[in-house]
Amino acid sequence: MCKSLANWLDDRAGLRSGLRSFEEETIPGGARWRYVSGSALASIFLIQAFTGLMMMTAYSPSSSTAWGSVFYIEHEMWMGWFIRGLHHFGAQTLMVLLLLHFLQVLWAGAYRAPRELNWWIGLGLAGLILAFGHTGYQLPWDQKGYWSTKVVTNIMGGAPVAGPYVKTVVVGGSEYGNQTVTRFYGLHVGILPVLMFLGLAAHFALRRRHGFTTPDVEVDPDAPRETYWPDQTYRNLLAVTAILGVMIALVIHHGGAPLDAPADPSSSDYPARPEWFFRFLFQMLKYFPGRLEWVGSIAIPGALFLTLASLPILDKIAPSKLVHFLARALVFTLVGGAGYLTLQSFQEDAANPKFQEARLKADQARERALFLASSPKVGVPPEGAGYLMRLDPLTRGRAVLEKNCLVCHRFGGEGDEKWSAADLKDFGTKAWVRGLLEKPDSDDYFGRTPECDGMVEWKQSSKLNAEQLDQVADFVASFAKIPEDFTVDEWLDSPGVIEHPGNELFQKECGTCHLIEGYTEGGLRDAPNLFAWGSPQWLTRMIRRPSSPVLYGYLEDDQRMPASPRDEMTDNDLKTVIRYLMNDYPRPAVAEAKEAAERP
Amino acid sequence: MNRRDFHRFGSVVLGSLVKLAVAAPAVAFLLTPLRKSKKSGTGSDLERLANLSQLEVGVPKSFAIVRDLTDAWVKYPKEPVGSVWLVRQPDGVDPPVIAFTAECPHLGCAINLSPNGTGFFCPCHSSAFDCEGKPKNHVPPRPMDRLEVQLTDDDDPHVVVRFQRFQPLAEEKIPLV
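Sequences listed follow chains A and B, in order. Under this note's numbering, the final residue of the first sequence carries the number 637; numbering is consecutive throughout. Under this note's numbering, the final residue of the second sequence carries the number 180; numbering is consecutive throughout.
Pasting the structure below:
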């Protein structure tokens, strides 16, 4: 039954006879290990095609969804890390195999007649593999992909005459965004594969037509006849198994493929580096002045490519042996030079503390992004993965604080050397208030803020003991939780306010200066209204309009904290910086536990 | 086994090994959706939809189910995920409110009111139901799916509904988890 079905199929499709021809392909001199490079290359390419196809079922190409979908593949889907890891390390394996195959073919002089055509096709396929690498690198739309794409396309744009136009077409406009992702995606999964399969088909057909380029040695007529199937196939598959084994080991060792923080066009210190196999080009560019960049990035590689392509012609017009020797010498030098530049590049980075620091920062951003995306409280927002970090108080709020506030303030001891205002770490908490009540003229509080001498004056006359100060601090720290829409009366009516042991002390000690209408008198000295002090609504007013009559309206303009209006600090920035100040952001459970343990 | 037979055998074994090493994880990858969902948006939580006073006796009214939704990698806060028809019953009848999911038991289209207002009608394949959710033709396999309804103890009670999805085409009401 099975046999007749197979016969029926073979009568119509001729598959068996197609396979049989491999069995009839005698390899003069027998099967050899050196012939495996091409088929190993093709096999790994097929694995790339297959794993790529799998990821196409889960990847979403747009600047807002790409990162999230790759995150989902890598961290949520079953074996997603494995599939993506294979694809990632497979790409690097292809580069190594490509080099080996190229060297093997060049060594055998396989560019000579009648194989010229296949030499050229092979060079074209090599170019396609490089293009696969470049387009794929960008698809996760993470920091790494974003910045290296920017660099590569700008190199393109640096080419004389047509450069800028080519760049604009490839990028899909002058800005990097949705069109860049869809174009690179279309290239990576559509256009390049079609070209690749056409080229591979021709490459194979010609390889079969011409056979292997066997070495010029005497063939032992008594040696057993060896054919492609199964003698060479066995060697091929043994090599492929070993290579795949190494790839799988790498995937397991690294736990998948890397995914950096989502692309952030505003980051100023991302240390963009290409994959290791392009490091030599990256390093070489350092030797060219910006204006002549295109010489190093386009002219030299282009000239080398043309030289290689013209080998079959040179072989005809110059002594064949000499051309072969020169070609080998050239490639030897190139590989050596590339190896040297690669090493140099890595050594420079290893010795560069600036790079280390930037890399560390990028790694922290990555950790944070991965934590936020997987946190059930956060997740990737509908606006896109870029907002994952832009809405994060620890990332964005911290950055806003550093840029806008730490010019005068300090934060946990960090900040400008010549600070002039209070340390904002744990602002609004009981500990902060207690510290202030203990020593208002400390440098961590108002010691460097002469306008705030009222507190110092109070301290000199106050007779509150430690326990009473604790009570006042606890009471004041509760102000931060007053809901936004509460009036003073509503607040006083809510449970636990009037009964609070700090209430009476606050009215007597603080209320003489700090006026809260309907609650304290004020009037002794000018002082800000402390109603809802430390809450988001109080901080919002303090940041947007410190000159408000209920805050520091009584001070001169140059004595006051400068206001941050909307065109300097967006609403989102304000919200994130306030949440950062209030320690209101999700943290990994481990970090939280550690912090709790450190707290006295 | 001679040398060539060994090569033949080895090729088949190694070839299978390579294919298996790539294909097996790929199968798992493609089967990810079968994983038991631990995310929100699909659970059967109670939803507070309306006050009883908003409903007129015998007049079906539709309400959207709005939930925090996790769609693969994206978290949507407060996203409509479905809708529910509430029909208030005359005083003294138990239950005082009937809730139907708007998802048609036939093939899952959204059920609307019938044009003359005497029942429900699904625009996709003409499933028709009366106001009690009983089929009026042979298209739907079962009556409209009723949802669990509770009323709170307030003066004007809130109508609370447990929103659930059920398997389409089945004659029984089988909840989808």
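We treat Cβ as the ideally placed atom computed from N, Cα and C, and that holds for glycine.
Beta-carbon gap between Met-91/A and Phe-32/B smaller than 8 Å: Going by C-beta atoms, Met-91/A is nearer than 8 Å to Phe-32/B.
How would you list, in chain order, the residues of chain D whose beta-carbon sits under 9 Å from the beta-carbon of Gly-89/A? Although the question refers to chain D, the structure presented lacks it and instead comprises the protein chains A and B.
Have a look at the DSSP bridge pairing and note the partners of Gly-452/A. The partner list for Gly-452/A (beta bridge, DSSP) reads Arg-447/A.
Under the three-state DSSP convention, the category Gly-293/A falls into: Reduced to three states, the DSSP call for Gly-293/A is coil.
Are the C-beta atoms of Gly-105/A and some chain B residue less than 8 Å apart? Answer yes: the Cβ-Cβ gap between Gly-105/A and chain B drops below 8 Å somewhere.
Look at the alpha carbon of Glu-174/B and the alpha carbon of Trp-104/A, and state the distance between them as a whole number of angstroms. The alpha-carbon atoms of Glu-174/B and Trp-104/A are separated by roughly 43 Å.
Note the first and the last residue of the continuous alpha helix (DSSP H) segment covering Tyr-617/A. Its alpha helix (DSSP H) spans residues 608–618.
Report the residues of the region 73–105 of chain B with a CB closer than 7 Å to any CB of chain A, ordered along the chain. The residues in question are Thr-73, Ala-75, Trp-76, Val-77, Lys-78 and Tyr-79.
DSSP three-state assignment for Gly-44/B, whether helix, strand or coil: Any answer about Gly-44/B is weak, because its pLDDT of 46 lies below 50 and its placement is not dependable; what the coordinates show is given next. Coil.
What does the alpha-carbon distance come out to for the pair Asp-48/B and Tyr-79/B? C-alpha separation (whole angstroms): 17 Å.
To the nearest angstrom, report how far apart Gly-61/B and Lys-137/B are at their CA atoms. Taking the straight line from one Cα to the other gives about 15 Å.
Starting from Ile-68/B, follow the alpha helix (DSSP H) in both directions and report where the run begins and ends. Ile-68/B -> not in any alpha helix (DSSP H); beta strand (DSSP E) instead, spanning 64–74.
Please report whether the beta-carbon of Ile-647/A lies at a distance below 8 Å from any beta-carbon of chain B. This structure cannot speak to residue 647/A, because chain A is shown only from 38 to 637.
8 Å is my cut-off, CB to CB: does Phe-119/A come that close to chain B? Cβ-Cβ to chain B under 8 Å: yes for Phe-119/A.
If you draw a straight line from the alpha carbon of Gly-44/B to that of Gln-85/A, how long is it in whole angstroms? Interpretation of Gly-44/B is limited by its pLDDT of 46, a score under 50 that renders its predicted location unreliable; the figure taken from the coordinates is listed afterwards. Spanning the alpha carbons of Gly-44/B and Gln-85/A requires a straight line of approximately 35 Å.
Are the beta-carbon atoms of Leu-296/A and Asp-179/A separated by less than 8 Å? Cβ atoms of Leu-296/A and Asp-179/A: closer than 8 Å.
Is it the case that the region 115–130 of chain A contacts the region 413–422 of chain A, given that we only count it when at least three CB pairs across the two stretches are under 8 Å? Result no; under three Cβ-Cβ pairs closer than 8 Å.
How about Gly-44/B: is its C-beta nearer than 8 Å to some C-beta of chain A? Because Gly-44/B sits at a pLDDT of 46, beneath the cut-off of 50, its placement in the model cannot be relied upon, and the following sentence gives the value as read from the coordinates. So no, Gly-44/B is outside the interface.
Show which residues of chain B have a CB atom less than 9 Å away from the CB atom of Val-133/A. Residues of chain B passing the Cβ test: none, with the nearest at roughly 18 Å.
Would Val-509/A and Leu-552/A be called neighbours here (beta carbons separated by less than 8 Å)? In this structure, Val-509/A lies away from Leu-552/A, with their beta-carbon atoms at least 8 Å apart.
Which chain B residues are close to Val-226/A, counting only those with a beta carbon under 9 Å from its beta carbon? For Val-226/A, no chain B residue has a Cβ inside 9 Å of its Cβ, as the nearest lies near 16 Å away.
So with CB distances below 8 Å, who are the chain B contacts of Glu-274/A? In the sequence as displayed, the identity of residue 274/A is Leu instead of Glu. Here the neighbours are Gly-13, Ser-14, Leu-17, Gly-18 and Val-21.
Please confirm whether Ile-580/A has its beta-carbon closer than 8 Å to some beta-carbon of chain B. Ile-580/A does not count as touching chain B.
Alpha helix (DSSP H) containing Gly-82/B: first to last residue? It should be pointed out that residue 82/B corresponds to Glu in this sequence rather than to Gly. Annotation for Glu-82/B: no alpha helix (DSSP H) segment contains it, though the beta strand (DSSP E) segment containing it runs 77–91.
Flag Trp-70/A as yes if its beta-carbon sits less than 8 Å from any beta-carbon of chain B, otherwise no. Not flagged as an interface residue toward chain B: Trp-70/A, since no C-beta distance is shorter than 8 Å.
Are Tyr-271/A and His-10/B close, meaning C-beta to C-beta below 8 Å? Cβ distance < 8 Å, so Tyr-271/A and His-10/B count as in contact.
Between Pro-146/B and Asp-74/B, what straight-line distance do the alpha-carbon atoms span, to the nearest angstrom? Using only the alpha carbons, I get a separation of about 30 Å.
Look at the Cβ atom of Ile-101/B, then the Cβ atom of Ser-86/B, and state whether they are nearer than 8 Å. Taking the C-beta atoms as reference points, Ser-86/B is found no nearer than 8 Å to Ile-101/B.
With which residues is Gln-153/B paired in a DSSP beta bridge? The partner list for Gln-153/B (beta bridge, DSSP) reads Val-163/B.
Against chain B, with Cβ distances strictly below 8 Å, would Val-627/A count as a contact? Interface flag for Val-627/A against chain B is unset, since no Cβ pair is found closer than 8 Å.
Distance between Cys-39/A and Leu-46/A (C-alpha atoms, nearest Å): Their backbone Cα atoms lie some 11 Å apart in a straight line.
Label Val-16/B either buried or exposed according to how many other C-beta atoms from any shown protein chain fall within 10 Å of its C-beta, with 16 as the threshold for buried. By the neighbour-count definition (other C-beta atoms within 10 Å, threshold 16), Val-16/B is an exposed residue.
Where in the region 350–431 of chain A do unbroken runs of the alpha helix (DSSP H), each at least 4 residues long, occur, reported from the N-terminal end onward? Along the length of the region 350–431 of chain A, whole alpha helix (DSSP H) runs at least 4 residues long occupy 357–387, 390–411 and 423–427, reported in chain order.
Would you verify that the beta carbon of Val-70/B is, or is not, closer than 8 Å to some beta carbon of chain A? Looking at the sequence shown, residue 70/B is not Val but Arg. Among the residues facing chain A, Arg-70/B is not included, as its CB has no counterpart in that chain under 8 Å away.
Does Val-25/B come within less than 8 Å of chain A when only Cβ atoms are used? Chain A contact via Cβ: present.
Verify whether the separation of the beta carbon atoms of Gly-134/A and Ile-81/A is less than 8 Å. Here residue 134/A is Leu; the residue named in the question, Gly, does not match the sequence. A Cβ-Cβ contact shorter than 8 Å links Leu-134/A with Ile-81/A.
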